[in-house]
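A.B. asks: Just so we're aligned, residue 0 is where the sequence shown starts under numbering that gives the first Met the number 0, counting upward by one.
Glycine residues also receive a C-beta, built at the ideal position from the N, C-alpha and C atoms.
Just so we're clear, the structure is a prediction, and the values are computed from it rather than from any experiment.
Sharing a structure, written as C-alpha cells. Questions coming.
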Amino acid sequence: MHVPSVPVLRSILFSSVKIFAAACVVFAAGAISAQPIPPPGLVIGSANTATADPPIARPDTTPCVVTLFNNFAFADFSPKPFSFTPACPGPWAKVVLNADFSIQAGRQFDRTAEIWIGGVNVYFGTTSEPSRTVARSWHIERDLTDYSALFNSAQNGRVDLGNLVNSTFTSTLFGTAVIQFYPLASHQDAPHTADLVLPLASDPTGGTAFLSNSSSTLAKTFTLPTNVERAFIDVVAESQAGDEFWYTCVPNDVANELQSCGGGAFRESQITIDGTPAGVAPVYPWIYTGGIDPLLWRPIPGVQTLNFAPYRIDLTPFAGLLSNGQPHQIAVSVFGANNGFSTTATLLAFQDHGSNQITGEVTLNTIGAPNPSTVENLTTAPDGTITGSVTVDSSRVFRVEGFVRTSHGRIETNVRQSIQFTSRQDFNITNTAFVQNIKQRTTISSETQTDGHGGGNSQQRFEWPLDLGFTFSLNPDGSGGQQTTTIRQQFQSAAVHHGDNGPASFSVVSNTVTPSDTLLFDANFNITGNTGQQSTQDFFSNDSVSGCFSRQITASAGLLTSITDGALCKKGGQ
C-alpha cells in the first residue's frame with residue numbers, strides 16, 4: 000500500500016475538515032426552507048415505489064416545456080427513437096429533465112433505462128420490479144443546466160430500456176419524459192455553462208459500452224477548438240452481469256470455496272487522455288430492485304437505484320493540451336472489471352471567447368496506476384467449515400497541475416485528490432449455513448485551487464459506506480431454510496466553493512437506505528414466504544441556494560408506514 004507523506008495527509012485532512020465545518024456553520028445559522036408536501040405517489044399504506052429524494056429546486060419563472068416522448072411502451076430490446084426540436088429560446092436559468100415510468104403488475108426483472116439526446120446521456124438508472132398484484136410507478140428528475148448547449152439545435156434522441164415480455168416475464172414498462180426550460184428572471188445573469196457538450200457513447204445516437212475487463216475501454220477521439228480553457232467529464236459505470244454484485248466478490252483463488260464471484264471487491268473507473276492517466280472515478284455500489292432479495296426494495300429502492308448520479312472529474316489542468324489543435328483520445332476503463340460494466344461519459348468544454356488560441360501545458364501529474372492490496376485470512380476445519388476474512392485496501396493520493404494563457408491572463412489549476420477504499424468480508428460457511436458480512440468504505444477528498452482570472456478554491460468530500468449482512472441456513476430437519484439480509488447503504492457528500500468575489504457557496508447531501516428481510520424456503524428451495532421485512536430511507540440536504548430539506552420514510556411488509564418531513568432541518572435551526 001502506498002503511504003502518503005505527512006504533509007500531504009495533513010493537507011487532505013485539513014481540506015476535509017474545512018468542507019464539513021463550513022457547511023455545518025451555515026446550517027447551524029438556520030438556513031431552513033419550507034418542506035414540500037409529499038408528492039401524490041408517496042402515500043402511507045401504499046405498496047407503490049417510494050423514495051425520500053427531494054425534487055430539484057426550481058426558479059420562480061414559468062418554464063417552457065418540451066416533450067421528448069409520451070407513453071412509450073417497452074416490451075423488447077430495440078431502442079426507441081424520438082426527436083428534440085428547440086422550442087424554448089434561451090438563455091435559461093435552469094434546465095430540468097422530468098421522466099415518469101411505470102410497470103404493469105406481473106413478473107419482470109429490474110431493467111436498465113437510459114435517455115440520450117444527440118448521443119449525450121441525459122438519464123441513466125434502473126427500474127422497479129413489480130409484484131404479481133402490484134403495478135409500480137415512479138418519477139425521476141435530473142438537473143441538465145450544465146448541458147444547456149446541447150439544446151440549442153435539433154437533435155436525434157433515443158430511449159434504451161430493454162425489456163423481455165413473454166409468458167413468463169409478463170410486465171410491460173411505460174415511460175414519458177419532458178424537459179423544463181426556466182427563463183431568466185428580470186436582471187438575472189445566465190449561469191456559466193459549458194460551450195460544448197460531447198458524448199462518449201457506443202454510436203452517434205448514444206448507447207453505453209460494455210467494459211468486460213480492466214483492458215476494455217470506451218474511447219473517442221476529439222479535435223477540440225483551440226480556445227478551451229476549462230474541461231470536465233461526467234462518468235457513469237453501471238455494474239452488470241458477473242459484476243452486478245462486485246462488492247461481494249473475492250479473489251479468484253478462493254472464489255469457489257467461498258461460493259462467490261471472482262475478481263475481488265475493488266473496482267475503479269480510470270480516465271486517460273492519449274493513454275496518460277487524467278482522472279479517477281470511484282464506482283458507487285448501486286443495488287438494483289431485484290438485487291440479493293427483491294423484497295428488500297419494496298416499496299423503497301436503494302440509494303440512487305432509479306437515478307444514478309454521474310461522477311464529475313475536473314480535466315482543466317489538461318486544457319492547454321486539449322487546445323493545441325491536434326486530435327486527442329479520451330478513454331474510460333474500469334480497473335478490476337470482471338464482466339462487466341455498462342459505461343458512458345460526457346465531456347464538457349468551456350471556451351475563452353476572447354481568444355481564438357490559448358496555450359498551456361500540464362506541469363505535474365502524479366495519478367499513476369491503482370495498486371489495491373488484498374489479504375486472505377481463511378481457515379478450513381477438518382469438517383469443511385470455513386471461517387475468516389478477505390480484505391482489500393486501496394489508497395491513492397495524487398495531484399494534477401496545469402496552466403493556460405488566456406485573453407484574461409494566465410490561469411493555473413491545481414487538483415489534489417485522496418481516494419481511500421477498504422472492504423472487509425467475514426465468512427462462516429458450514430454444511431448447513433452460509434454467513435457473509437461485508438463492511439465497505441469509500442472516502443474521496445478533492446480540492447481544486449484556481450489562480451488567475453475568476454479563480455477560487457473548491458473542496459468536495461464523498462463518503463460511501465456499505466454494510467451488508469447475509470445469512471443462509473438450512474433447517475435441521477431438512478424441511479427448508481431461510482435467508483436473512485440486512486443492508487445499510489449510504490451516499491454522503493459535502494462541497495464548498497470560495498470564489499475570488501462574493502460569498503462562499505456550499506452543499507451537503509446525506510442519503511441512507513436500511514432494508515432487511517428474511518426469505519423462507521421449502522426443501523426444494525422454492526420461496527414460501529418471508530418475515531420481518533422493513534426498510535427506511537433518510538434523506539437530508541442543505542445548500543446555499545435552496546436551503547434545507549429532510550425527509551424520512553419507513554416501510555414494513557412491503558407497505559409505506561410513515562413520512563416525516565423537516566425533522567433534521569428543525570433540529571439544526573434550534
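If I'm right that R415 touches V333 with Cβ under 8 Å, what's the distance once you round it to whole angstroms?
C.D. replies: The count along the sequence shown starts at 1 and reaches residue 415 at position 416. The count along the sequence shown starts at 1 and reaches residue 333 at position 334. That belief does not hold up - the Cβ atoms of R415 and V333 are roughly 24 Å apart, past 8 Å.
A.B. asks: Which same chain residues end up closer than 6 Å to A20 when comparing Cβ atoms and leaving out the 5 residues on each side of it in sequence?
C.D. replies: Translated into the one-based positions of the sequence shown, residue 20 becomes position 21. In this predicted model, A20 has a pLDDT of only 40, less than 50, meaning its place in the structure is not dependable enough to derive any value.
A.B. asks: Along the beta strand (DSSP E) that carries D99, what are the first and last residues, could you check?
C.D. replies: For the purposes of this step, residue 99 is identified with residue 100 of the sequence shown, where counting begins at 1. Its beta strand (DSSP E) spans residues W91 to I102.
A.B. asks: Using 8 Å as the cut-off, can you tell me whether the stretch 423-431 makes contact with the stretch 284-303, which would need three or more C-beta pairs spanning the two stretches below that distance?
C.D. replies: Taking a cut-off of 8 Å on C-beta distances, the stretch 423-431 does not touch the stretch 284-303, as fewer than three cross pairs fall below it.
A.B. asks: For the beta strand (DSSP E) that contains V253, what are its first and last residues?
C.D. replies: Position 254 of the sequence shown holds residue 253. Note, V253: premise wrong, no beta strand (DSSP E); alpha helix (DSSP H) at N251 to A254.
A.B. asks: May I have the straight-line CA-CA distance separating T563 from Q536, to the nearest angstrom?
C.D. replies: Position 564 of the sequence shown, counted from the start, is the residue given in the question as residue 563. Position 537 of the sequence shown, counted from the start, is the residue given in the question as residue 536. Each residue's alpha carbon lies about 11 Å from the other.
A.B. asks: Does the beta-carbon of L363 have 16 or more other beta-carbons within 10 angstroms, so that it is buried, or is it exposed?
C.D. replies: By 1-based counting over the sequence shown, the position of residue 363 is 364. Its Cβ having fewer than 16 others within 10 Å, L363 is exposed.
A.B. asks: Return yes when the Cβ of Q107 is within less than 8 Å of the Cβ of P129, no when it is not.
C.D. replies: If you number the sequence shown from 1, residue 129 lands on position 130. If you number the sequence shown from 1, residue 107 lands on position 108. Taking 8 Å as the Cβ cut-off, P129 and Q107 qualify as a contacting pair.
A.B. asks: Measure the alpha-carbon distance for S561 versus I552 and round it to whole angstroms.
C.D. replies: Indexing the sequence shown from 1 puts residue 561 at position 562. Indexing the sequence shown from 1 puts residue 552 at position 553. So the alpha carbons of these two residues sit roughly 5 Å apart.
A.B. asks: Return the chain-ordered list of same chain residues with a C-beta closer than 7 Å to the C-beta of D273, the five sequence neighbours on each side being excluded.
C.D. replies: As a working note, residue 273 is residue 274 in the sequence shown. By the criterion of a C-beta distance shorter than 7 Å, D273 is surrounded in its chain by H327 and Q328, once the five residues flanking it on both sides are discounted.
A.B. asks: So, is A184 buried or exposed, given that buried needs 16 or more other C-beta atoms within 10 angstroms?
C.D. replies: Here residue 184 refers to the residue found at position 185 when the sequence shown is read from its first residue. The residue in question, A184, is exposed, as its Cβ has fewer than 16 Cβ neighbours within 10 Å.
A.B. asks: In terms of alpha-carbon separation, which member of T125, A432, F150 and Q187 lies closest to Y287?
C.D. replies: As a working note, residue 287 is residue 288 in the sequence shown. Nearest option by C-alpha distance: T125.
A.B. asks: Can you give me the C-alpha to C-alpha distance between Q239 and L41, rounded to a whole angstrom?
C.D. replies: Taking the first residue of the sequence shown as position 1, residue 239 is located at position 240. Taking the first residue of the sequence shown as position 1, residue 41 is located at position 42. In a straight line, the C-alpha of Q239 is about 30 Å away from that of L41.
A.B. asks: Who are the Cβ neighbours of T365 in its own chain at under 6 Å, not counting the five residues just before and after it?
C.D. replies: Stepping through the sequence shown from its first residue, residue 365 is reached at position 366. These residues qualify, in order along the chain: F397 and R398.
A.B. asks: What are the boundary residues of the alpha helix (DSSP H) that G319 is part of?
C.D. replies: Here residue 319 corresponds to residue number 320 of the sequence shown, with the count starting at 1. A318 to L321 is the span of the alpha helix (DSSP H), which, as asked, contains G319.
A.B. asks: Go to R404, then tell me how far its beta strand (DSSP E) extends in each direction, as first and last residue.
C.D. replies: Locating residue 404 in the sequence shown gives position 405, counting from the first residue. I385 to T405 is the extent of the beta strand (DSSP E) around R404.
A.B. asks: Mind checking which residues open and close the beta strand (DSSP E) that includes C547?
C.D. replies: For the purposes of this step, residue 547 is identified with residue 548 of the sequence shown, where counting begins at 1. Its beta strand (DSSP E) spans residues G546 to S555.
A.B. asks: As an exercise, report each continuous beta strand (DSSP E) stretch of at least 3 residues that is fully enclosed by the stretch 209-281, in chain order.
C.D. replies: Runs of the beta strand (DSSP E) inside the stretch 209-281: 217-221, 227-238, 267-272 and 275-281.
A.B. asks: Below 8 Å between beta carbons: does that hold for V279 and R395?
C.D. replies: Taking the sequence shown and counting its residues from 1, the one referred to as residue 279 is at position 280. Taking the sequence shown and counting its residues from 1, the one referred to as residue 395 is at position 396. For V279 and R395, yes; Cβs fall inside 8 Å.
A.B. asks: For E462 and Q491, what's the separation of their Cα atoms in angstroms?
C.D. replies: Position 463 of the sequence shown holds residue 462. Position 492 of the sequence shown holds residue 491. C-alpha separation (whole angstroms): 5 Å.
A.B. asks: How about T62 and Q179: do their beta carbons lie closer than 8 Å?
C.D. replies: Locating residue 62 in the sequence shown gives position 63, counting from the first residue. Locating residue 179 in the sequence shown gives position 180, counting from the first residue. Thr is not the amino acid found at residue 62; the sequence shown has Pro there. Their beta carbons are under 8 Å apart, which means P62 touches Q179 by this criterion.
A.B. asks: Does DSSP classify G29 as helix, strand or coil?
C.D. replies: As a position in the sequence shown, residue 29 is number 30, starting the count at 1. Low per-residue confidence applies at G29: pLDDT is 35, beneath 50, and the placement is therefore not dependable enough to give any value.
A.B. asks: Quick one, are the C-beta atoms of E411 and D351 less than 8 Å apart?
C.D. replies: Indexing the sequence shown from 1 puts residue 411 at position 412. Indexing the sequence shown from 1 puts residue 351 at position 352. Going by C-beta atoms, E411 is not nearer than 8 Å to D351.
A.B. asks: Specify the secondary structure class of F19 as computed by DSSP and reduced to three states.
C.D. replies: As a first step, residue 19 must be located in the sequence shown, where it is residue number 20. In this predicted model, F19 has a pLDDT of only 42, less than 50, meaning its place in the structure is not dependable enough to derive any value.
A.B. asks: From E113 to G477, what does the alpha carbon distance come to, in whole angstroms?
C.D. replies: On the sequence shown, residue 113 is found 114 positions in, with the first residue counted as 1. On the sequence shown, residue 477 is found 478 positions in, with the first residue counted as 1. So the alpha carbons of these two residues sit roughly 45 Å apart.
A.B. asks: The beta strand (DSSP E) with F349 in it runs from where to where?
C.D. replies: As a first step, residue 349 is located in the sequence shown; it is residue number 350 there, counting from the start. DSSP places F349 in the uninterrupted beta strand (DSSP E) bounded by N337 to Q350.
A.B. asks: Using the Cα positions of V95 and S543, report the straight-line distance between them to the nearest angstrom.
C.D. replies: For the purposes of this step, residue 95 is taken as residue 96 along the sequence shown, with counting starting at 1. For the purposes of this step, residue 543 is taken as residue 544 along the sequence shown, with counting starting at 1. For V95 and S543, the distance between alpha carbons rounds to 19 Å.
A.B. asks: Out of curiosity, what's the CA-to-CA distance linking T386 and T379?
C.D. replies: Counting from one through the sequence shown, the residue named residue 386 turns up at place 387. Counting from one through the sequence shown, the residue named residue 379 turns up at place 380. T386 and T379: Cα-Cα distance of roughly 7 Å.
A.B. asks: How is N577 classed by DSSP in three states: helix, strand or coil?
C.D. replies: What is shown of the chain runs 0 to 573, which leaves residue 577 out entirely.
A.B. asks: Return yes when the Cβ of A104 is within less than 8 Å of the Cβ of T171, no when it is not.
C.D. replies: Locating residue 171 in the sequence shown gives position 172, counting from the first residue. Locating residue 104 in the sequence shown gives position 105, counting from the first residue. No, these two residues do not count as a Cβ contact at 8 Å.
A.B. asks: Whose C-beta lies closer than 6 Å to the C-beta of V24 among residues of the same chain, with five residues either side of it excluded?
C.D. replies: As a working mapping, residue 24 is identified with position 25 in the sequence shown. At V24, the pLDDT of 40 sits below 50, so the modelled position is not reliable; the number obtained from the coordinates is stated separately. Cβ within range, chain order: n/a, list empty.
A.B. asks: Rounding to the nearest angstrom, what Cα-Cα distance links D466 and T441 in this structure?
C.D. replies: What you label residue 466 is simply residue 467 of the sequence shown in a count that begins at 1. What you label residue 441 is simply residue 442 of the sequence shown in a count that begins at 1. Cα to Cα, the separation comes out at about 12 Å.
A.B. asks: What's the C-alpha gap between T111 and P369?
C.D. replies: Residue mapping note: residue 111 aligns to position 112 of the sequence shown, counting from 1. Residue mapping note: residue 369 aligns to position 370 of the sequence shown, counting from 1. Rounded to whole angstroms, T111 to P369 spans 29 Å at the Cα level.
A.B. asks: Enumerate in chain order the residues of its own chain whose CB-to-CB distance from G118 is below 7 Å, with the five nearest sequence positions on each side excluded.
C.D. replies: To locate residue 118, count along the sequence shown from 1; it is residue 119. P198, A200, P203, T204 and G205, listed in sequence order.
A.B. asks: Which residues in the same chain have their Cβ closer than 6 Å to the Cβ of W245, if we skip the five residues on either side of it in sequence?
C.D. replies: One-based indexing of the sequence shown puts residue 245 at position 246. Around W245: S238 and R266.
A.B. asks: Provide the residue(s) that pair with F83 in DSSP beta bridges, ordered along the chain.
C.D. replies: Against the sequence shown, residue 83 aligns to sequence position 84. Answer by DSSP bridge pairing, in chain order: Q154.
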